[in-house]
Structure formats: structure tokens, C-alpha cells
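Visitor: Following this message is one structure expressed as C-alpha cells.
Laid out in C-alpha cells, this is it:
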């Protein structure tokens with residue numbers, strides 16, 4: 154007997170919605186209702202990619218700021 158798997162739900166979040174959710178995550182400020190809405194509509198792989206990209210950008214800005222202050 155074979156089981157049929159339901160296809161993964163289509164998520165309708167935009168790129169800016171993903172960036173906004175990750176930015177709020179970096180700040181640590183998020184309403185529970187907005188968090189639940191993001192969980193339902195944003196793709197976890199997109200969240201991961203944007204999170205890694207924003208972390209890299211944050212570290213790069215810190216390095217540039219330190220070099221500017223020290224120079």
C-alpha cells in the first residue's frame with residue numbers, strides 16, 4: 154500500500170516581507186500575531202538565505218566602521 158503525500162503549501166510572502174521579518178528578528182522586537190503570520194506565509198529557506206546575507210552585511214558594516222574610526 155502506498156501513501157500519497159500532500160504537496161507542500163504554497164507560500165505567498167514577498168522578498169520585502171522576508172527582509173522585514175529578518176530585520177525585526179535581528180532587533181528582537183516582534184508581536185506574536187505578526188510572527189505567526191510570517192511563519193504561515195514565508196518560505197523557511199528564503200528566511201535562512203536573507204538571514205545569512207544580512208548577518209554578513211552587518212559584520213561587513215562593523216568592520217568598515219572600525220577601520221574608519223581607527224584610520
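Residue numbers (the numbering used here): 154 to 224. All C-beta atoms in this analysis are idealised placements derived from N, C-alpha and C, irrespective of residue type, glycine included.
Classify residue 167 as buried or exposed, calling it buried when 16 or more other Cβ atoms lie within 10 Å of its own Cβ.
Guide: Stepping through the chain shown from its first residue, residue 167 is reached at position 14. Exposed, because fewer than 16 other Cβ atoms sit within 10 Å of the Cβ of residue 167.
Visitor: Going by DSSP in three states, residue 196 sits in which element: helix, strand or coil?
Guide: In the chain shown, counting from the first residue as 1, residue 196 sits at position 43. Here residue 196 sits in coil by DSSP.
Visitor: How about the region 169-178 and the region 200-209: do they share at least three Cβ pairs that are nearer than 8 angstroms?
Guide: Segments in contact, yes.
Visitor: Given a threshold of 16 other Cβ atoms within 10 Å of its Cβ, counted over all protein chains shown, does residue 191 qualify as buried or as exposed?
Guide: Within the chain shown, the letter at position 38 stands for residue 191. Answer is buried; the Cβ neighbour count reaches 16.
Visitor: How many angstroms separate the CA atom of residue 215 from the CA atom of residue 222?
Guide: Residue numbering aside, residue 215 sits at position 62 when the chain shown is read from its first letter. Residue numbering aside, residue 222 sits at position 69 when the chain shown is read from its first letter. Answer to the nearest angstrom: the Cα atoms are 11 angstroms apart.
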